[in-house]
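Numbering that gives the first Met the number 0 numbers the first residue of the sequence shown as 0 and each following residue consecutively.
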Amino acid sequence: MSEEKVDTVIKEVNKLMLENNSLRAISILKKEIRKYPEEAKFHYYLARAYFENQRLERAIRFAKKAEELGENTPDFYVLLVELYIETDNITKAETAVEKAAELDKESTKTQLSQAKLAFHKRKHDDASKLISSILEKEKNVEALQLNVKILLHNASELDDILRAIEEVAEIEYTEVLEYYKAQAYFLHKEYDKLKYVYQQINRNNPNSSFLIEIKELIEQIRVREKEDANPFKKTNGNREEKTIEEALAELDALIGLDSVKEEVKKIVKSVEYNQHRQKLLGIEESERPAYHFAFLGNPGTGKTTVARILGDIFHSLGIIEKNEVVEVDRSKLVAVHVGATAQKTSEAIEAAMGGVLFVDEAYALAPRSENSNDFGPEAIDTLIKAMEDNRDNLIVILSGYNDEMRRLMKVNPGLSSRVNLQIQFEDYSEDQLLDIAHSFAKKEHYTLTEDGEKAFLQRISEKLVDEHFANAREVRNIIEAAIREKAFRFGENSLTKENLTQLTPVDFGVDLEQLYGEDLDDLLEELNGLEGLDNVKEQITSLMNYIQVEKRKDELGLPTKPMTLHMAFLGNPGTGKTTVARLVGKILKSIGILKKGQLVEVSRQDLVAGYTGQTAPKTLNKVKEAYGGVLFIDEAYSLASSGSSSDFGSEAVSTLITEMENNRERLVVIVAGYTKEMQDFFSINSGVSSRINYHIEFPDYNPDQLVNIFKLHAKNDGYSLDEKALTALHKRFVKEYAHRSNDFGNGRLARSYFEKAKMKVANRTVKDLEADITRITVEDI
């Protein structure tokens, strides 16, 4: 491709990047790379585009490819520095900074990247010196902004921070400066000035991406002020009284919650029936029935909202005097010294008397350990007494996660006997979550386009696998983030009515061409690009093809069987098992089977504890961390029980078996280890072997493949080998391969040889200024 045509493409890409349309730039560059895979500039700009879109792994991958193809300007290494800072890879960031400095140490961009790295490493004095050096040459906006961040981070004097902000504004004003002012005022407790900044932005640009950020600062102030004035939150305070019909209509208008609505209506009918019966028969009620509830379910399922409506309902029925709901949690009930908890809890009860006391995360009141000096049980005892003594003038609702609440009831018979009504709050379905998203968007005067809906569903699906999925709260977070992203991307010149009112895939950070994750063709290309492993690649590709066909059959309504995708990777260390497992996670996400596709790598010590009763929770925590992705268990055979009473490996295995069966749609488990030891493990544990359908053998690397791996490490670190070195290396690997045992290192062996060669190069050339310090010779092998 001619230089002129390359420049034309790059010009178009730069224009899109300036318009904050990185997804479109990505699409154009990928097409060009397919046609011209050796054009370094395309790979460099694709890395930049992915960086703009916060897809950091892919950005680094294409940046490395650009370097391989000869793109090694200072700007390129500056990009790498920022990428490595973002991914917290400090060692590589330092290497990239050094290379940028070698090419042009006086460059402003180079010095700025050095300052950013110093700031990230919290070496603020070093960062400040570099900024001063830059500012002596020119008034650079990025340097001035970084100076403001340092002052904020160091909690410097307010006048110093404001003066630094003004210096930036003199060159280039952006609204981020107002946010910095807000942070400074918050830091120095100048709350009136902080609120004034918010009012000014809201008046001048109500779509500003910083409004939400500043509003959160203001909300923190309000919470503090409210808690100082009144520690108890009344969610129904000063509300108009409602008839039973109005309250039930409000309940019916809620999205989803069908089973909750049905339970509430049954309770209402029961109360109305008893009241009607007593009236007709002239029966005088000797003791009013208690109405105390347990609300069970994940956060964001409407428990607080339903509690408020219940307050209206029971008030309209004459059960309670007020339609107020007082909301508390452990912090509002439990004190830190003897005798104070009962008083604190009694104050909360008194504040709710005549209405509803809503105790959120009530399970947190359970004792944290048998011997702990914890006053939670004292709060429970006080509650139990109040629930009994004030049954005719108080409704208590205890709320929290299913399992934790059931355990609380089980260990507190006095509490369970007084909570006579339990309501289960189910998670919302994807359709209901989409309806909630439309509702949140509408409140902010936005709509979701058809593709925007798909993008939202992709975002929310990644969260659905979490054990305590936050439901409507998660929806709100995603919608608010999309609105902030839209506000950030669009400047005054690009704002139209459509832009101001529609949420599209780019606002959610989703490329519809890669709806389920990274491009499948790219991932399979990465798999096939691994050294050796021909049989592994064939089996993985065949399995992925089968999964795609089964998924297509399901979409067409054809009969399919539930898929269990747990696998065993068998072979010696260093044969690429972890690398392939990581790719399997990404591929399964790309196909749409896994929601996240992350790899959680564990060994025996991550799963097994040293004391009775601790292993199952420890194992379960790691499994939950892997929900939506792959749990990779290295040397899984070590979980086999040794027969010792102090070996809890079997407890870990039992927990794994349960999770592999009950949550097979949430995660894929890959067990790995030596072939013989793993076969022995399967033979003594039929529970594991029956749940693993796919066994994949990873062969040892042969000498030629080991040489290629060595060469790849050398290339990545900027080294080359002469022919004699290659010959000597091959001979070494032939000998190692011929005498290999079970602990043959494979790829790790090649890496070890390379690291030793690097040391020998350094020792050989350190005093020879004329020597080639990147050339590996035969004497280094």
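Idealized CB from N, CA, C, for every residue including glycine.
{"query": "Is it the case that the Cβ atoms of Val-327 and Gly-310 are separated by a distance below 8 Å?", "result": "no"}
{"query": "Using the C-alpha atoms, what's the distance from Val-509 back to Gln-457?", "result": "8 Å"}
{"query": "On the three-state DSSP scale, how would you describe Met-566?", "result": "strand"}
{"query": "Any idea what DSSP makes of Gly-299, helix, strand or coil?", "result": "coil"}
{"query": "With H, G and I counted as helix, E and B as strand and the rest as coil, what does DSSP make of Ser-613?", "result": "Rather than Ser, the amino acid found at residue 613 in this sequence is Gln. In the structure shown, Gln-613 sits in coil (DSSP, three-state: anything other than H, G, I, E or B)."}
{"query": "Would a C-beta distance cut-off of 8 Å place Gly-296 and Lys-321 closer than the cut-off?", "result": "no"}
{"query": "Alpha carbon to alpha carbon, how far is Thr-773 from Gly-717? Give it in angstroms, no decimals.", "result": "7 Å"}
{"query": "Note down the Cα distance separating Gln-198 from Ala-142, rounded to an integer number of angstroms.", "result": "29 Å"}
{"query": "In chain order, what are the residue ranges of uninterrupted alpha helix (DSSP H) at least 4 long that sit wholly in the segment 623-692?", "result": "648-661, 674-683 and 685-688"}
{"query": "Which same chain residues, not among the five before or five after Phe-61, have their C-beta less than 7 Å away from its C-beta?", "result": "His-42, Leu-45, Ala-46 and Tyr-49"}
{"query": "Any contact between the segment 573-581 and the segment 605-620? By contact I mean 3 or more CB pairs, one from each, below 8 Å.", "result": "no"}
{"query": "Suppose you measure from the CA of Thr-654 to the CA of Gln-678; what does that come to, to the nearest Å?", "result": "20 Å"}
{"query": "Are the beta-carbon atoms of Gly-299 and Glu-360 separated by less than 8 Å?", "result": "no"}
{"query": "In chain order, what residues of the same chain have a beta carbon less than 8 Å from the beta carbon of Ser-719, not counting five sequence neighbours either side?", "result": "Ala-713, Thr-773, Arg-774 and Ile-775"}
{"query": "Drop a sphere of 10 angstroms on the beta-carbon of Ala-651, count the other beta-carbons inside from all chains shown, and report buried for 16 or more, exposed for fewer.", "result": "buried"}
{"query": "Less than 8 Å between the C-beta atoms of Glu-634 and Arg-603, yes or no?", "result": "yes"}
{"query": "In three-state DSSP terms, what is Gln-277?", "result": "helix"}
{"query": "DSSP on Ile-319, reduced to helix/strand/coil?", "result": "coil"}
{"query": "Roughly how many angstroms separate the alpha carbons of Ile-164 and Lys-755, rounded to a whole number?", "result": "51 Å"}
{"query": "Check whether chain B comes within 8 Å of Asp-380, counting only Cβ atoms and requiring the distance to be less than that.", "result": "Of the protein chains in the structure, only one exists, and it is not chain B."}
{"query": "Terminal residues of the continuous beta strand (DSSP E) containing Glu-174?", "result": "Note, Glu-174: premise wrong, no beta strand (DSSP E); not H, not E."}
{"query": "What separation, rounded to the nearest whole angstrom, lies between the Cα atoms of Gly-591 and Ala-481?", "result": "22 Å"}
{"query": "Contact defined as beta carbons within less than 8 Å: I believe Ala-100 pairs with Leu-116. What is the distance between those atoms, to the nearest angstrom?", "result": "Not quite, the Cβ-Cβ distance comes to about 11 Å (not below 8 Å), so this is no contact."}
{"query": "Using a Cβ distance threshold of 8 Å, determine whether the segment 685-698 contacts the segment 552-566, with at least three qualifying pairs required.", "result": "yes"}
{"query": "Using a Cβ-Cβ cutoff of less than 6 Å, which residues in the same chain neighbour Tyr-636 once the five nearest sequence positions on both sides are dropped?", "result": "Gly-672, Glu-676, Met-677 and Phe-680"}
{"query": "Between which two residues does the beta strand (DSSP E) holding Gly-399 run?", "result": "394-399"}
{"query": "Thinking Ile-25 and Glu-11 are a contact (beta carbons under 8 Å), I'd like their distance in whole angstroms, please.", "result": "With a Cβ gap of about 13 Å, Ile-25 and Glu-11 do not count as contacting."}
{"query": "In chain order, which beta strand (DSSP E) runs of at least 3 residues are fully inside the segment 436-508?", "result": "none"}
{"query": "Per the DSSP calculation, Ala-65 is bridged to which residue(s)?", "result": "BP columns for Ala-65 are empty, so no partner."}
{"query": "Quick check on the burial criterion: 16 or more other C-beta atoms within 10 angstroms. Buried or exposed for Ile-89?", "result": "exposed"}
{"query": "Under 7 Å Cβ to Cβ from Phe-374, same chain only, skipping five residues before and after it: list those, please.", "result": "Val-333, Ala-334 and Thr-340"}
{"query": "Counting C-beta neighbours from all protein chains within 10 Å, is the total for Gln-53 16 or more, i.e. buried, or is it exposed?", "result": "exposed"}
{"query": "Any idea if Gly-451 is buried or exposed, counting beta-carbon neighbours within 10 angstroms, 16 or more meaning buried?", "result": "buried"}
{"query": "Is it right to say Arg-121 is buried, meaning 16 or more other beta carbons lie within 10 angstroms of its own, or is it exposed?", "result": "exposed"}
{"query": "What do you reckon, is the C-beta of Ala-181 under 7 Å from a heavy atom of the ligand SAM?", "result": "Here there are no bound small molecules, and the ligand SAM is not part of this structure."}
{"query": "Take the Cβ of Tyr-545 as the centre, count every other Cβ of all protein chains shown within 10 Å, and call the residue buried at 16 or more, exposed below.", "result": "exposed"}
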